Amino acid sequence: MPSASPAQRATAAFQAAFHTDPAFTARAPGRVNLLGEHVDYNAGWVLPAAIDRAAYVAAGPAAEDGLVEIVAPDLGAQVSFRLADLHNKLDSLGAELPRWAWYPAGVAWALAEQGLAVTGLRAVLASDVPVGAGLSSSAAVEVAFATAWQHLGGWRLPALEMARLCQRAENQYVGVNSGLMDQFASACGQAGRLLRLDCRTLAWQAVPLPPGVSIVVADTTLRRELGQSAYNQRRAECEEAVRGLRAALHDESIQALRDVSPADFNAHAAALEPVVARRARHVVEECARTEAAVGLLQAGRVADFGALMNACHASLRDLYEVSGPELDAMASAAQALPGCYGARLTGAGFGGCTVNLVASEAVAAFVPALAAAYHGATGLTAEIYVCQAAAGAGLLPPTE
Ligand code: GLA
801 MPSASPAQRA
811 TAAFQAAFHT
821 DPAFTARAPG
831 RVNLLGEHVD
841 YNAGWVLPAA
851 IDRAAYVAAG
861 PAAEDGLVEI
871 VAPDLGAQVS
881 FRLADLHNKL
891 DSLGAELPRW
901 AWYPAGVAWA
911 LAEQGLAVTG
921 LRAVLASDVP
931 VGAGLSSSAA
941 VEVAFATAWQ
951 HLGGWRLPAL
961 EMARLCQRAE
971 NQYVGVNSGL
981 MDQFASACGQ
991 AGRLLRLDCR
1001 TLAWQAVPLP
1011 PGVSIVVADT
1021 TLRRELGQSA
1031 YNQRRAECEE
1041 AVRGLRAALH
1051 DESIQALRDV
1061 SPADFNAHAA
1071 ALEPVVARRA
1081 RHVVEECART
1091 EAAVGLLQAG
1101 RVADFGALMN
1111 ACHASLRDLY
1121 EVSGPELDAM
1131 ASAAQALPGC
1141 YGARLTGAGF
1151 GGCTVNLVAS
1161 EAVAAFVPAL
1171 AAAYHGATGL
1181 TAEIYVCQAA
1191 AGAGLLPPTE
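Note that this note's numbering gives residue 1107 to position 307 of the sequence shown, counting from 1, and the numbers run on in steps of one.
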């Protein structure tokens, strides 16, 4: 029997838990990032796509005013909390909220802080975005709940605003200092397109994938541990680099690493601590790569674009130091295969997935060859799939 889709699982679990049908189901996708890694919080450019894996929230009105009840069958967990207790992260019995519930609770908190009507609800969360794999499972959960609360609250926010409020939930409620990229891609995704976001001005455009090119995601199956503290540490190192370069260049207009050209960086890198200089070099060069990337895609220069992806992986490995043996094995195995334009780790790093740009006619041979090479190098069994760029968050049509 084919296994049920996450939307079907959510509906069935809703009926089982609450003895009624959900009123609607909200969906918000995960994302894969092609270029511009660890640059969103440095005000640079990113190039993600929403993917055809998503978090689903089957939802209906609350049993009791201000009460939020959430069942998460994938986690074998459930929680209930009152909106009045959001600020102190307590459940309805006064115990500490489990960590997975911080994401929906944080979204409710951020929406309420913004003055939007947030009501109690009953919901089931099911997702096929793997957790800790660098595909933004948490942003998908946040944006799916924000979409559900938007529908119940009867208000409507532009997708980018929705993304910013979800980022605020993650930064201020969950405590991860992430940038805007993940929530942006989940909220604003477009089918068949990459999204180019300027993380300073928040201007963005959708860029079609060139014909004959496929995105393949390869999961090392190694899960990110301790990613959060290392992530926050990288961010702090970037801020230290900004202070150092601003002083060395005597230029108060430098507010983020995006403001430093590769030439200026090279002239003044010696003013920074060696570790901080390595982090900053990655960001400065990655900004330049991502700025060049869209023009290459539009000119059909896919091989040149792929070379930038390969350079990005080397930089994340050697300068930003967020790769690891499994991600390196997966990226280099892919880079050696026919039809592969570029391969690199995607997302924060420390485990998770690589993203591969592959000539569509080579994909059928690429997938098993990569799995075999990765198994040979690590003894691990990869999960590899061709990924479609998908639309951003919304409600499922009532029949689904
Ligand atoms: C995580 C964060 C994003 C971004 C990436 C790295 O996914 O949530 O904001 O910083 O890491 O590019």
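Here a beta-carbon is modelled for each residue, glycine too, at the ideal position from N, C-alpha and C.
Just so it is clear, the structure is predicted and the values come from calculations on it, not from any experiment.
In this structure, what does DSSP give as the bridge partners for V1155? Beta-bridge pairing links V1155 to V1017 and R1144.
8 Å contact criterion, which A1172 and T1154 should meet: CB distance rounded: The pair is not a contact, with the Cβ atoms about 16 Å apart (cut-off 8 Å).
In angstroms, rounded to a whole number, what distance separates the CA positions of M801 and N977? Any reading at M801 needs caution, since the residue's pLDDT is 45, under 50, leaving its predicted position unreliable; the model's value is listed next. Straight-line Cα distance between these residues: approximately 42 Å.
Pocket of the ligand GLA (residues with CB nearer than 5 Å to any heavy atom), chain order: Those satisfying the condition are, in chain order, E837, H838, D840, S978, G979, M981, D982, G1147 and A1148.
Under 9 Å, do G1149 and Y1120 count as touching if we go by C-beta distance? Yes, they are a contact pair.
How long is the line joining the alpha carbons of G876 and G1152, rounded to whole angstroms? In a straight line, the C-alpha of G876 is about 23 Å away from that of G1152.
Going by DSSP, what residue range makes up the beta strand (DSSP E) through W1004? Here the beta strand (DSSP E) through W1004 covers W1004 to P1008.
Enumerate in chain order the residues of its own chain whose CB-to-CB distance from L897 is below 7 Å, with the five nearest sequence positions on each side excluded. Only V879, F881, K889, L890, D891 and A905 meet the Cβ criterion.
Tell me which residues share the same chain as P806 and place their Cβ nearer than 6 Å to its Cβ, disregarding the 5 neighbours each side in the sequence. Closer than 6 Å at the Cβ level, and outside the excluded window around P806, lie Y856, A926, S927 and D928.
Would you please state the rounded distance, in angstroms, between the beta carbons of A1193 and A944? I believe it to be under 8 Å. Indeed they touch by this definition, with Cβ atoms about 7 Å apart.
A854 versus A1165: straight-line alpha-carbon distance, rounded: One C-alpha to the other measures close to 27 Å.
Report the residue ranges of all alpha helix (DSSP H) runs contained in full by the stretch 933-969; include only those spanning at least 4 residues, in chain order. Counting only runs of 4 or more, we get 937-953 and 959-968.
Ignore the nearest five residues each way along the sequence and tell me which others in L1096's own chain have a CB closer than 7 Å to its CB. Result list for L1096: D1104 and F1105, in chain order.
Given that a residue counts as buried once 16 or more other Cβ atoms are within 10 Å of its Cβ, and exposed if not, what is N1156? Buried: at least 16 other Cβ atoms inside 10 Å.
Once DSSP output is grouped into helix, strand and coil, what is the label at N1241? Because the chain is modelled from 801 through 1200, residue 1241 falls outside the range shown and cannot be assessed.
With 16 other CB atoms within 10 Å as the buried threshold, where does A863 fall? A863 is exposed by the Cβ-count criterion.
Please report the residue range of the beta strand (DSSP E) in which D852 lies. Membership of D852 in the beta strand (DSSP E) is indicated by the continuous run P848 to P861.
A849 and R993 look like a contact to me (Cβ under 8 Å); what is the Cβ gap, rounded to whole Å? The pair is a contact, with the Cβ atoms about 7 Å apart (cut-off 8 Å).
Put C1187 into one of helix, strand or coil per three-state DSSP. Judged by DSSP in its simplified three-state form, C1187 adopts strand.
How would you label R1043, buried or exposed, when you count the other beta carbons within 10 angstroms and need 16 or more for buried? When all chains shown are included, R1043 counts as exposed.
What beta strand (DSSP E) runs, 3 residues minimum, are completely inside the stretch 1046-1132? Runs of the beta strand (DSSP E) inside the stretch 1046-1132: none found.
Looking at the unbroken beta strand (DSSP E) that takes in R1163, where does it start and where does it end? It should be noted that the sequence gives Val, not Arg, for residue 1163. From DSSP, V1163 is part of no beta strand (DSSP E) but of the alpha helix (DSSP H) over V1163 to T1178.
Is A1107 near P1138, with beta carbons less than 9 Å apart? Going by C-beta atoms, A1107 is not nearer than 9 Å to P1138.
On the DSSP bridge list, what partners appear for E1263? Given that the chain is displayed from residue 801 to residue 1200, the structure contains no residue 1263 and the question cannot be resolved.
Residue burial classification, V1075 (beta-carbon count within 10 angstroms, cutoff 16): So V1075 ends up on the exposed side.
C-alpha distance - L1009 paired with G830, whole-angstrom precision: L1009 and G830 have their C-alpha atoms some 18 Å from each other.
Where the alpha helix (DSSP H) containing A812 begins and where it ends: That run of the alpha helix (DSSP H) goes P806 to F818.
Can you tell me whether Q878 is helix, strand or coil according to DSSP? DSSP places Q878 in strand when its eight states are reduced to three.
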